[in-house]
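Have a look at the structure below, then the notes.
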Amino acid sequence: MNKKQKKVLIRIIITAVLLVALKLLIEFSVLPETGIPTLCMYLIPYVVIGYDIIKKAFKGIIHGRPFDENFLMTVATIGAIATGEYSESAAVMLFYQIGELFQSYAVGKSRKSISTLMDIRPDYAWIDGENGEQVQVDPSTVEVGTVITVRPGERVPIDGVIVGGASTVDTVALTGESVPSRVGEGDNVLSGCINLSGALKIKTEKQFSESTASKILELAADAGAKKSRSEAFISRFARIYTPCICIGALALAVLPPVIRLLMGMSGDWSSWIYRALTFLVISCPCALVISIPLTFFAGIGSAGKSGILVKGSGYMEMLSRVRTVAFDKTGTMTKGVFEVAGVHHSPLSSGQLIEYAALAEGYSGHPISRSLQKAYGKKVDNSRISDVTEHGGKGITALVDGARVAVGNDKLMRELGIEYLECHHTGTVVHVALEGEYAGHILIKDVIKPDAKEAIADLHALGITDTVMLSGDRDETAKKVGAELGIDRTIGSLMPADKVGVVENMLGKNGAVAFVGDGINDAPVLARADVGIAMGALGSDAAIEAADVVIMNDSPRGIARAIRISRKCMRIVYENITFAIAVKLICLVLGATGHADMWLAVFADVGVMVIAVLNAIRALHDGWHAENHAAAASDTAAPDIGTEARHV
132 MNKKQKKVLI RIIITAVLLV ALKLLIEFSV LPETGIPTLC MYLIPYVVIG
182 YDIIKKAFKG IIHGRPFDEN FLMTVATIGA IATGEYSESA AVMLFYQIGE
232 LFQSYAVGKS RKSISTLMDI RPDYAWIDGE NGEQVQVDPS TVEVGTVITV
282 RPGERVPIDG VIVGGASTVD TVALTGESVP SRVGEGDNVL SGCINLSGAL
332 KIKTEKQFSE STASKILELA ADAGAKKSRS EAFISRFARI YTPCICIGAL
382 ALAVLPPVIR LLMGMSGDWS SWIYRALTFL VISCPCALVI SIPLTFFAGI
432 GSAGKSGILV KGSGYMEMLS RVRTVAFDKT GTMTKGVFEV AGVHHSPLSS
482 GQLIEYAALA EGYSGHPISR SLQKAYGKKV DNSRISDVTE HGGKGITALV
532 DGARVAVGND KLMRELGIEY LECHHTGTVV HVALEGEYAG HILIKDVIKP
582 DAKEAIADLH ALGITDTVML SGDRDETAKK VGAELGIDRT IGSLMPADKV
632 GVVENMLGKN GAVAFVGDGI NDAPVLARAD VGIAMGALGS DAAIEAADVV
682 IMNDSPRGIA RAIRISRKCM RIVYENITFA IAVKLICLVL GATGHADMWL
732 AVFADVGVMV IAVLNAIRAL HDGWHAENHA AAASDTAAPD IGTEARHV
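For the working numbering, add 131 to where a residue sits in the sequence shown, where the first one is 1.
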């Protein structure tokens, strides 16, 4: 409980004690039930508990925004005092403040769930001073290329590469999973990680503002600004609803007495004014205005604790409506770690063919290229390479030692008019041609992620009726992988640009469409889908920027978890809307017909708000059992399969 909440609690206790004391004084006839002395005595607890609400109401009137819950409470309680209901006026303010304190605490709890996760912004960085001593500086002042020191127990302040020392780092604040990993010289480390053991010397590669921790914090800060349709509707509803309620209450206070007078009956003004005041208290929209944003905030916090960043409540709402999930294969369903598995149909030795391919791909940072360079095992001599031309989605042509080399998939071979031999092994096939003559092909394989099959089963269990894998692999290879994983549909032989068209064709046919990719080459598809999900995006600025939902770890089971959290969140939103409106409608009818007093009005306002807030904070807990992840982690690696790359 913060300082402000403690002050409100003290005021609540003082007011409650004063009201009990006044009630006892009246009960023992020390104080009359009505009259100026009693009014003055009741004004003390009324002002103690309600001065800030009255102040806000008058500020709203002065600034031309009178119709809010503060205005409703002020008018209702002042009206109750005017009709002689002194104790009820103070009690309404008291219970309203109790409800406000409760929702403030609940919001704080939700914020804490995010701030605990996001407690990754380092306050300082250590650099070497002029005399070799360690100097503590603000990380935002550290230039790119500066060598910083991270001591055991401290957070890494800026993304960089280790140039000295070895240690174990924990990425729990980034991924939601506490899995320490060993790092040493040459390894990249991300800001927000905790250094668990030895001191590290890190050469910074980014500005502090561009580092992973800062990017994540920026996302979390922006999430609240992107409202869902439900939130936007409630905001518009409240702006129209409150003035209408005030007009309705005024009509209830004036019209029936006037009609009664015209009919020759007693106006019974006090009774109808009391009903109108009760009507005002009942109609306060706090339960909806507070609980709906709180539910989304709690849901985003729950996802954040699991290393799932949802960029706003609008995306949370859209995610709950997903019925079709399309996957990019590489880096999503597979590990994206490529290795050369064989060389076939080549008149050259395996080493020679791999050398030509690795050199031709020497300027590329693509995973396929890296696997060829790794198999080559030597540093690429760029002086041997010239006239490099990249053929989008097909491969590369280059001059290597003066010889024209083509490296790519069958599309490149057909484009160049080179006859090639099919490969009947499962995997990614990289064809190589020298001087226009076919020189054989290199088979490269990847591995299905251990929990990929369980991830698809999780989605099916959630009622996702259409799972689709998009791949650049040959249809036969892609379909083998899809069948092994239990994916509903597999579409192979796709160029990168083709995926956008495939996703566009899915839109509007079966609920919302989510596309899941690694965020590296998928930005157009991520943007085109109803919900773009980047997975395994730790350290990838492109993925964080392109996607609507970012799963920081590398587990595809996070997709189902994100959908599960979003659905629970939306279920709670609809429960609160239905419950609040139903109770208020019933109580409004009872109040207007004289069957409800101010105490029932207090329940309809504060009671409903408290229940709605309690329900909202359930969204903090997604109900996902930790053993699901433990089971997935213990699974054995799946067999080698083909993988999609730029070439295929």
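Think of the CB as a built atom: it goes at the ideal place given N, C-alpha and C, for glycine as much as any other residue. Bear in mind the structure is a predicted one, so any value in this text is a computation, not a measurement.
*Three-state secondary structure (DSSP) at Phe202?*
Correct three-state label for Phe202: helix.
_As an exercise, report each continuous alpha helix (DSSP H) stretch of at least 4 residues that is fully enclosed by the stretch 487-573, in chain order._
Segments of the alpha helix (DSSP H) lying fully in the stretch 487-573: 498-507, 541-546.
*Are Gly181 and Met224 close, meaning C-beta to C-beta below 7 Å?*
The criterion of a C-beta distance shorter than 7 Å is satisfied by Gly181 and Met224.
*asked:* Looking at the secondary structure, which residues open and close the beta strand (DSSP E) in which Gln338 lies?
replied: For Gln338, no beta strand (DSSP E) encloses it, and the DSSP letter there is neither H nor E.
*Can you name the start and end residues of the alpha helix (DSSP H) that Phe469 belongs to?*
Premise fails: Phe469 is in no alpha helix (DSSP H) and is neither H nor E.
*Contact check, Asp301 vs Ile325 under 8 Å by CB: the rounded distance?*
Right, their Cβ atoms sit about 5 Å apart.
_If I measure Cβ to Cβ from Asp661 and keep anything under 6 Å in the same chain, skipping five residues before and after, which residues do I get?_
Spatial neighbours of Asp661 in its own chain (CB-CB distance under 6 Å, excluding positions within 5 residues in sequence) are listed in chain order as Met449, Ala643, Val644.
_Considering just the uninterrupted stretch of the beta strand (DSSP E) at Ser298, what are its terminal residues?_
Boundaries of the beta strand (DSSP E) harbouring Ser298: 298-301, taken from the DSSP string.
_Suppose you measure from the CA of His756 to the CA of Thr299; what does that come to, to the nearest Å?_
At His756, the pLDDT of 44 sits below 50, so the modelled position is not reliable and the matter cannot be decided from this model.
_Once DSSP output is grouped into helix, strand and coil, what is the label at Arg692?_
In the three-state reduction of the DSSP assignment, Arg692 falls in the helix class, which pools H, G and I.
*For Ser414, collect the residues of the same chain with a Cβ closer than 6 Å to its Cβ; drop the 5 residues on either side in sequence, then sort them by chain order.*
Excluding residues within five positions, the ones whose Cβ falls inside 6 Å are Ile376.
*Determine the closest residue to Tyr405 out of Val720, Asn540, Ser312, Asp728, with distance taken between C-alpha atoms.*
When each option's Cα is compared against that of Tyr405, the closest is Asp728.
*Presumed contact (8 Å Cβ cut-off) between Ala743 and Phe710, rounded CB distance*: Ala743 to Phe710, Cβ: 7 Å. Contact.
*asked:* Using only CA atoms, which one of Met544, Ile717, Gly435, Asn636 lies nearest to Ser697?
replied: Looking at Met544, Ile717, Gly435, Asn636, the one whose alpha-carbon comes closest to that of Ser697 is Gly435.
*Roughly how far, in whole angstroms, is the beta-carbon of Leu327 from the beta-carbon of Asp290, given that I think they are within contact range, below 8 Å?*
Rounded, the Cβ-Cβ distance is 18 Å, inconsistent with contact.
*Residue from Lys505, Leu543, Lys509 with nearest C-alpha to Gly523*: Gly523 has its Cα closest to that of Leu543, out of Lys505, Leu543, Lys509.
_Cutting at 8 Å between CB atoms, please list the residues of its own chain near Ile712, excluding the five before and the five after it._
Contacts found: Leu419.
_Supposed contact pair Val681 and Ala691 - C-beta distance, whole angstroms, cut 8 Å_ = With a contact defined as Cβ atoms closer than 8 Å, Ala691 and Val681 miss out at about 16 Å.
*Within its chain, find whatever has a CB closer than 6 Å to the CB of Ala407; leave out the 5 residues flanking it on each side and keep chain order.*
Correct list, in chain order: Ala380, Leu383, Ala384.
*Figure out for me which residue from Ala586, Asn201, Val266, Lys460 has the closest Cα to the Cα of Ser602.*
It is Lys460 whose Cα lies nearest to the Cα of Ser602.
*When we look at the beta-carbon of Gly430 and count the other beta-carbons within 10 Å, is it buried (16 or more) or exposed?*
Around the beta carbon of Gly430, 16 or more other beta carbons lie within 10 angstroms, which makes this residue buried.
*Can you give the Cα-Cα distance for Leu719 and Ile423, rounded to whole angstroms?*
Approximately 22 Å, taken between the alpha carbons.
*Specify whether the stretch 502-521 and the stretch 480-491 touch according to this definition: at least 3 beta carbon pairs, one from each stretch, less than 8 Å apart.*
Cβ pair count under 8 Å is three or more, so yes.
_Considering only their Cβ atoms, is the gap separating Gly571 from His476 smaller than 7 Å?_
In terms of Cβ geometry, His476 and Gly571 form a close pair [threshold 7 Å].
*Name the residue from Cys554, Thr520, His555 whose alpha carbon lies nearest to the alpha carbon of Val780.*
In the structure displayed, the chain extends from 132 to 779; residue 780 sits before or after that span and is not available.
*For Thr165, does the three-state DSSP call read helix, strand or coil?*
In this structure, Thr165 counts as coil in the three-state DSSP scheme.
*If you pair each beta-carbon of the stretch 438-446 with each one of the stretch 468-485, do three or more pairs fall below 8 Å?*
By the C-beta criterion, the stretch 438-446 is judged not to be in contact with the stretch 468-485, since fewer than 3 inter-stretch pairs fall below 8 Å.
*Where do the ends of the beta strand (DSSP E) carrying Met666 lie?*
Bounds of the beta strand (DSSP E) holding Met666 are 662-666.
*In this structure, does DSSP put Ala457 in helix, strand or coil?*
Ala457: strand per DSSP, three-state reduction.
*Other residues of its chain near Met204: CB distance less than 6 Å, five sequence neighbours each side excluded*: Ile184, Tyr227.
*Does DSSP put Phe428 in a helix, a strand or coil?*
Correct three-state label for Phe428: helix.
*Is Ile279 closer than 7 Å to Ile258 when the C-beta atoms are compared?*
Yes, the pair counts as a contact, with Cβ atoms nearer than the cut-off.
*Would you tell me roughly how many angstroms separate the C-alpha atoms of Leu484 and His562, rounded to the nearest one?*
Each residue's Cα considered, the two are about 10 Å apart.
*What residues in its chain sit with their C-beta under 7 Å from that of Ser401, if we drop five residues either side in the sequence?*
Cβ within range, chain order: Thr214.
*Could you please give me the residues that DSSP links to Asn326 through a beta bridge?*
Among the bridge pairs identified by DSSP, Asn326 is matched with Val300.
*What number of angstroms, rounded off, separates the C-alpha of Ser495 from the C-alpha of Asp589?*
Straight-line spacing of the CA atoms in Ser495 and Asp589 works out to 37 Å.
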